[in-house]
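Here the structure is laid out as structure tokens; the discussion comes afterwards.
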Amino acid sequence: MTLLTRLLPALLLPLSLSPALLAQESDTLPGYRSLPFTLPADTERLLLVDADQDGLTDVLAVAPSRFSLYFQRTSATGGGFDFSAPDTAIQLEGSSIGWELSENYPDAAGASRFSLLALVDGSRVLQWPIRERQFADPIDVLSGLSAFAGAGVNRLHFSRDINADGLDDLIIPGAGTLQLYIRNADASYQPPLAVQSDMQIRTNLFVRQGIERDVGQALRIPLVALRDVNSDGQPDLISETEERFDVFLASGSGDYFPQSPSYFVDRLEIRERLGNFDFDQLDFANLTGMLSLTHEELLQDVDGDGIDDFVLREGGKVSLFSGTTTGMDFSQPRQVLRSSGNVLTTFLHDENEDGRPDLWLWRVESISVGDLFLWLAIAGSINVEAFVYPNEGESFARRPSRQLTVALKFPSAVRMLSSAIDIREQARALEEATILPTAIAQIGGVESTRDLLVLLEDQVQVFMGSMDAPAAAPDDQFLASLDYSRNRNEYEIDIRRFIDEFEIEQNSELRRVEGRTPEHRLALPVAMRNGELQVASLNGDVHDDVFVFLQRGRESLSGLLLLSEP
Amino acid sequence: MSAVRRPLGVLFAALLLGSSAQAQPNHMASEIGLGEWPDDVLREDMDGDARLDLIVPHWSAEAGRELLVYLQDAGGHFPAEPSRRVEIKPEIIAFALADLRPEPGRELLLFAGNGVFSLSSAIASYTDNLRPLFDWPLAASVPDRRRVLYLPGLPDMNGDGHADLLLPGRDDYGLFLGGPDERFTLAHRFSTINQELDPGEVPLGGARLDTQLAINERQGIVLNVRALGASAFEGFLSSWQDSDTTTLLEAEHWQPAAVAARMNDDDQQDIVFMNIGNDLYGQINILQQDAEGGFAATPDWRGPIDTRGDIRLLDVNGDGRLDVLRILDNSNEWTVQFHLNQNGSFRLDQPDQVMRFSGYDLTLSVTDIAGDGRPALSISYYTIPVVNAVRNASIVRSQLLYAPGSEPGEVFSARPAFRLDENFSAEAVRGLSAQIDLQTDLDGDGRRDAIALAPDGTLTARAIDAGLQFAATPFWQYVPTRSVLRFDVQDMNGDGVADLLLYHSTAMTLLVSTP
Numbered sequence: 002m003t004l005l006t007r008l009l010p011a012l013l014l015p016l017s018l019s020p021a022l023l024a025q026e027s028d029t030l031p032g033y034r035s036l037p038f039t040l041p042a043d044t045e046r047l048l049l050v051d052a053d054q055d056g057l058t059d060v061l062a063v064a065p066s067r068f069s070l071y072f073q074r075t076s077a078t079g080g081g082f083d084f085s086a087p088d089t090a091i092q093l094e095g096s097s098i099g100w101e102l103s104e105n106y107p108d109a110a111g112a113s114r115f116s117l118l119a120l121v122d123g124s125r126v127l128q129w130p131i132r133e134r135q136f137a138d139p140i141d142v143l144s145g146l147s148a149f150a151g152a153g154v155n156r157l158h159f160s161r162d163i164n165a166d167g168l169d170d171l172i173i174p175g176a177g178t179l180q181l182y183i184r185n186a187d188a189s190y191q192p193p194l195a196v197q198s199d200m201q202i203r204t205n206l207f208v209r210q211g212i213e214r215d216v217g218q219a220l221r222i223p224l225v226a227l228r229d230v231n232s233d234g235q236p237d238l239i240s241e242t243e244e245r246f247d248v249f250l251a252s253g254s255g256d257y258f259p260q261s262p263s264y265f266v267d268r269l270e271i272r273e274r275l276g277n278f279d280f281d282q283l284d285f286a287n288l289t290g291m292l293s294l295t296h297e298e299l300l301q302d303v304d305g306d307g308i309d310d311f312v313l314r315e316g317g318k319v320s321l322f323s324g325t326t327t328g329m330d331f332s333q334p335r336q337v338l339r340s341s342g343n344v345l346t347t348f349l350h351d352e353n354e355d356g357r358p359d360l361w362l363w364r365v366e367s368i369s370v371g372d373l374f375l376w377l378a379i380a381g382s383i384n385v386e387a388f389v390y391p392n393e394g395e396s397f398a399r400r401p402s403r404q405l406t407v408a409l410k411f412p413s414a415v416r417m418l419s420s421a422i423d424i425r426e427q428a429r430a431l432e433e434a435t436i437l438p439t440a441i442a443q444i445g446g447v448e449s450t451r452d453l454l455v456l457l458e459d460q461v462q463v464f465m466g467s468m469d470a471p472a473a474a475p476d477d478q479f480l481a482s483l484d485y486s487r488n489r490n491e492y493e494i495d496i497r498r499f500i501d502e503f504e505i506e507q508n509s510e511l512r513r514v515e516g517r518t519p520e521h522r523l524a525l526p527v528a529m530r531n532g533e534l535q536v537a538s539l540n541g542d543v544h545d546d547v548f549v550f551l552q553r554g555r556e557s558l559s560g561l562l563l564l565s566e567p
Numbered sequence: 026m027s028a029v030r031r032p033l034g035v036l037f038a039a040l041l042l043g044s045s046a047q048a049q050p051n052h053m054a055s056e057i058g059l060g061e062w063p064d065d066v067l068r069e070d071m072d073g074d075a076r077l078d079l080i081v082p083h084w085s086a087e088a089g090r091e092l093l094v095y096l097q098d099a100g101g102h103f104p105a106e107p108s109r110r111v112e113i114k115p116e117i118i119a120f121a122l123a124d125l126r127p128e129p130g131r132e133l134l135l136f137a138g139n140g141v142f143s144l145s146s147a148i149a150s151y152t153d154n155l156r157p158l159f160d161w162p163l164a165a166s167v168p169d170r171r172r173v174l175y176l177p178g179l180p181d182m183n184g185d186g187h188a189d190l191l192l193p194g195r196d197d198y199g200l201f202l203g204g205p206d207e208r209f210t211l212a213h214r215f216s217t218i219n220q221e222l223d224p225g226e227v228p229l230g231g232a233r234l235d236t237q238l239a240i241n242e243r244q245g246i247v248l249n250v251r252a253l254g255a256s257a258f259e260g261f262l263s264s265w266q267d268s269d270t271t272t273l274l275e276a277e278h279w280q281p282a283a284v285a286a287r288m289n290d291d292d293q294q295d296i297v298f299m300n301i302g303n304d305l306y307g308q309i310n311i312l313q314q315d316a317e318g319g320f321a322a323t324p325d326w327r328g329p330i331d332t333r334g335d336i337r338l339l340d341v342n343g344d345g346r347l348d349v350l351r352i353l354d355n356s357n358e359w360t361v362q363f364h365l366n367q368n369g370s371f372r373l374d375q376p377d378q379v380m381r382f383s384g385y386d387l388t389l390s391v392t393d394i395a396g397d398g399r400p401a402l403s404i405s406y407y408t409i410p411v412v413n414a415v416r417n418a419s420i421v422r423s424q425l426l427y428a429p430g431s432e433p434g435e436v437f438s439a440r441p442a443f444r445l446d447e448n449f450s451a452e453a454v455r456g457l458s459a460q461i462d463l464q465t466d467l468d469g470d471g472r473r474d475a476i477a478l479a480p481d482g483t484l485t486a487r488a489i490d491a492g493l494q495f496a497a498t499p500f501w502q503y504v505p506t507r508s509v510l511r512f513d514v515q516d517m518n519g520d521g522v523a524d525l526l527l528y529h530s531t532a533m534t535l536l537v538s539t540p
């Protein structure tokens, strides 16, 4: 942390109190309307939606079991928002509510409406269409379910178009499974397809000694992967768990997906074949020999026919299987390559720039227990080698055409541990630091620059044109991290550099405006406390709109919307 | 580690004195597969024969989640195949074990998202077996597909001999007192969250970090870490269509944990929890059980505590009441603060004793070595002398024992009564797999012994004398045929003789004493 960074907030604050030096304080920005808002304290989030489908963005406030919509008025009706009361709101009853929004459901009259959908208590799905800027009566979408959507009210991305027919389908989470309901044109659903899901669940219900720990549950359920793997133009379903790799090919007739996978790989069987880890079988002179127990599966088009093929690595053995329009030919591998040494991983990437993916096989050198003990106290290095097997059309070359070496250099474990403590101390020191909330937005009309907004306790300061417009995303190439080129085979990653150069930036944007006078100062109606600036685009003009969140307390949360006037 | 285990008899010592290269003939050896979660293997009497049985959690693609029960027979033998298989239905989130029904042995308490059930493992089916006990919205609502949680150590809050339940709910805790005929009564509800605190005042944990790992051709890997101010509106505003599409559901809900423990002199179990106080500091809260078995609506005692470091409850002075330890680490520098329980209150601003240690991966426990109710402090840590590491690739494990304090104001003596520095090289790595066990009186002399894995993987036991010194040579050793990664010592068949549970990589060996 530099001295300058430390002093910046302190420098800015007195400046803000010197009217002679600064622009006149006002209650809004030129070309903007200032719309204060006070919302119920239990409001958990605001979602920007176009609920009445008029091209203007509206605000949906989500509180436990209560959904409130604030519509943006058109210029003909005065524009802006009326935050004094929601334009429409509904209260949902239930101990477990998973909700989602969609534009792909018809209302009772058959017209496609923006709708709120909710999986209520895991048993039924209800739809509330928005009609004439009001939540209409709920429509039963699906019932008789046995689902788990977590306790309380949670966003559940369960309504999406799985089969690309323009109708939203439903993905209902169960106990370790997902039930896929494909919606038919007549609003009925095909028989559900159950696919396994590796949910990430962290649960703690009990502590013994460490009373600083919390009890509860954290949950993440990944979505299923959908893409066309057999080149028939229809999305297929790829379901991966620890035990299986299943592919369900879309069928041309009848139900969209078959009830059992079109093809699969049994990962448990592979692990059984490779053998389980056994400490007594461990070679202390070559711990990386354990990699022979690892496997990986790649589903990707190798031969360029548009149909994904299957690359299976088991230890150092790589098998290539051919994909067909109706499945995968697992009867006979098209090719088997065997590598000695400790194979770390494989992937497909075009190395020779012929437009075809080549096989990269990465090996790591032997690491012994003695090495590990040594690296506890002194810095070390591990060489990782990549062997590139060029794609010859139907299969890969028998021999690698190229070998790369990446030297991974790292400090001793003791040094890393001490660096981790330093980083922790840096982070802890931030608790004492003043970090001002900032946002970069386009307030003025200059396309090539951006403006900096700084949220102080009693005002927002705006430094016009002080920031660069965001640069186009760099055209990073594969292995750019190594300064990769086809002409170079030796590379190095030095973790020591990260540690040496590590620094937590504070108030970095403020450095750009050091010594400058803000062009605008906006007085705040109430003092900011743990507030935040958020930039949005609500009315489609070239100017950003800004939410100034000021404070949340026991009774309410308050803020200000700076809405550009087109 | 602080739990007091009953002294084990002399028979074991008599049988084991001297060295042996294989399992003792007076011990029945059994081996069972460990499955995926060796740390979750339980030991309880499931059939009421006063012998401990083994319960091994298991998952398979065909059968889903199961508890495999291996019943110990009269000869101390465990079968190779499970005696009982208990199916865990998909709705079940957690289970506990308690003696609920008149039939011998322990039953299962099954916790679903909205209710608690009982089940006997002796009946092979849920039909005519599963009994709903009471409704309760558990703090966790989604079960894990492969694993079922275990709730250990059900307290007997009121000493009536029935297991009670202190259960976290969605928003608060419920204390359910057990009674005959599987009856549970909701006796008290309380929140571990400070309800007096305005949400706007709750500290937000200081600055947030925005970490970006970028890759560009000019600078290679660039790690950019930026501090963001504390915000009460993190993630508050988003666009419906910008949402993350790789996740179906992401949710979490946590609250401070509560612990049932004896905190004052009345021999009854109280409730302890930690939260944020009105002064925005950490706060320890004690709900004391009154003479009628009730609890007040608000804590009987509160005290502010600096929440940095690990805060543990442990009876360090053997008075039967839990004390507070605060352990701070700074790389290889450790500070341990002891706050003694003063009949249900603490001086948390002033530790009763502060001790400092220098080493890595410090482990702390208290153990009543002499069996006189005055525990000693056991400290273990590692040091990495660079010369050792370079010369022969080795590290040092230090074991220290501190006698109970003899000076006023001392919980433990300021200087260790015993210190053992062991050098472990790469060839001796097997000896590092388990810490020295100081909880068992193996030779029955009324004093705990030091049971440890020697550098070659041999399990050894050495006596500890009145001065807390380890004997120079072991009085017992056992050479396992397979590497031991962890071991436990427990009387499995109620004969007062210590039995051994040796955990290998994929299986465990049980050595149970036989007459």
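Just so you know, the protein sequences line up as chains V and W, in that order.
Note that the first sequence covers residues 2 to 567 in this note's numbering.
Note that the second sequence covers residues 26 to 540 in this note's numbering.
Ideal Cβ placement from N, Cα and C applies to all residues, glycine included.
Note that this is a predicted model, so its numbers are computed, not measured.
(message) Counting only beta-carbon separations shorter than 7 angstroms, does GLU142/V have a partner in chain W?
(response) Before going further, note that residue 142/V is Val rather than Glu in the sequence given. Not an interface residue.
(message) If distances are taken between C-alpha atoms only, which option among ARG399/V, LEU345/V and PHE411/V comes closest to ASP372/V?
(response) PHE411/V
(request) Would you list the residues sitting across from ARG1/V in a DSSP beta bridge? (result) Here chain V comprises residues numbered 2 to 567, so residue 1/V is not present and cannot be evaluated.
(request) Specify, as a first and last residue, the run of the beta strand (DSSP E) that SER232/V falls within. (result) Taken as a continuous stretch (DSSP letters only), SER232/V belongs to no beta strand (DSSP E), as it is neither H nor E.
(message) Is there a Cβ of chain V sitting closer than 7 angstroms to that of ASP462/W, yes or no?
(response) no
(request) Take every Cβ of the segment 167-182 of chain V, pair it with every Cβ of the segment 133-150 of chain V, and state whether three or more of those distances are shorter than 8 angstroms. (result) yes
(request) Determine the direct distance from the alpha carbon of ALA212/W to that of ALA38/W, and round the result to whole angstroms. (result) Residue placement at ALA38/W cannot be trusted, given a pLDDT of 33 that sits under 50; what the coordinates show is reported in the next sentence. For ALA38/W and ALA212/W, the distance between alpha carbons rounds to 47 angstroms.
(message) Within 10 Å of its beta-carbon, does ALA21/V have 16 or more other beta-carbons around it, so buried, or fewer, so exposed?
(response) Only weak support exists for where ALA21/V lies, its pLDDT of 40 falling under 50; the coordinates are left without a value.
(request) Taking VAL536/V as part of the alpha helix (DSSP H), name the residues at either end of that continuous run. (result) Taken as a continuous stretch (DSSP letters only), VAL536/V belongs to no alpha helix (DSSP H), being part of the beta strand (DSSP E) at 533-537.
(request) Could you tell me whether any Cβ in chain V is nearer than 7 angstroms to the Cβ of ALA212/W? (result) no
(request) Compare the beta carbon distance of ALA463/W and SER403/W with 7 angstroms and say whether it is the shorter of the two. (result) Looking at the sequence itself, residue 463/W is Leu, so the reference to Ala does not match. Yes, they are a contact pair.
(message) Report the CB separation of ARG473/W from ILE489/W in whole angstroms; it is logged as a contact under 8 angstroms.
(response) 6 angstroms
(request) Would you identify the three-state DSSP class for ASP295/W, choosing helix, strand or coil? (result) strand
(message) Residues of the segment 503-514 of chain V in Cβ contact with chain W at a cutoff of 9 angstroms, in chain order, please.
(response) PHE503, GLU504, ILE505, GLU506, GLN507, ASN508 and SER509
(message) Under 7 angstroms, Cβ to Cβ, is there at least one residue of chain W near ALA629/V?
(response) Since the displayed chain V opens at 2 and closes at 567, residue 629/V lies outside it and no answer follows.
(request) Measuring only between beta-carbons, confirm whether GLU566/V sits less than 7 angstroms from chain W. (result) no
(request) For PRO281/W, collect the residues of the same chain with a Cβ closer than 8 angstroms to its Cβ; drop the 5 residues on either side in sequence, then sort them by chain order. (result) THR217, ILE218, PHE298, MET299 and ASN300
(request) Using a Cβ-Cβ cut-off of less than 7 angstroms, give me the residues of the segment 183-212 of chain V that come near chain W, in sequence order. (result) MET200, ILE202, THR204, LEU206, PHE207, VAL208, GLN210, GLY211 and ILE212
(message) Classify GLY99/V: buried if its beta carbon has 16 or more other beta carbons within 10 angstroms, exposed otherwise.
(response) buried
(request) Count the C-beta pairs between the segment 369-382 of chain W and the segment 345-360 of chain V that are closer than 8 angstroms, then say yes if the count reaches three, no if not. (result) no
(message) Cβ closer than 8 angstroms: which chain V residues qualify as neighbours of MET299/W?
(response) ILE212 and GLU213
(request) Kindly confirm or deny that the segment 483-490 of chain V and the segment 459-470 of chain V touch, where touching means at least three C-beta pairs closer than 8 angstroms. (result) no
(request) Examine the Cβ distances between the segment 127-142 of chain W and the segment 165-181 of chain W and report whether three or more of them are shorter than 8 angstroms. (result) yes
(message) Which residues of the segment 262-280 of chain W have a Cβ closer than 9 angstroms to any Cβ of chain V? Give them in chain order.
(response) LEU262, SER263, SER264, TRP265, GLN266, ASP267, SER268, ASP269, THR270, THR271, THR272, LEU273, LEU274, GLU275, ALA276, GLU277, HIS278, TRP279 and GLN280
(message) Distance check for LEU300/V and ARG228/V, CA to CA, integer angstroms please.
(response) 11 angstroms
(request) Give the DSSP-derived three-state secondary structure of TRP62/W in the structure shown. (result) coil
(request) May I ask which residues mark the beginning and end of the beta strand (DSSP E) holding GLN357/W? (result) A quick correction: the sequence has Asn, not Gln, at residue 357/W. No beta strand (DSSP E) holds ASN357/W; DSSP gives it neither H nor E.
(message) For GLY73/W, tell me which candidate among GLY130/W, LEU92/W and TYR95/W has the shortest Cα-Cα distance.
(response) GLY130/W
(request) Could you tell me whether the Cβ of SER405/W comes closer than 7 angstroms to any Cβ of chain V? (result) no
(request) Give me the Cα-Cα distance between PRO193/W and LEU220/V, rounded to the nearest whole angstrom. (result) 17 angstroms
(request) Kindly confirm or deny that the segment 252-264 of chain W and the segment 528-542 of chain V touch, where touching means at least three C-beta pairs closer than 8 angstroms. (result) yes
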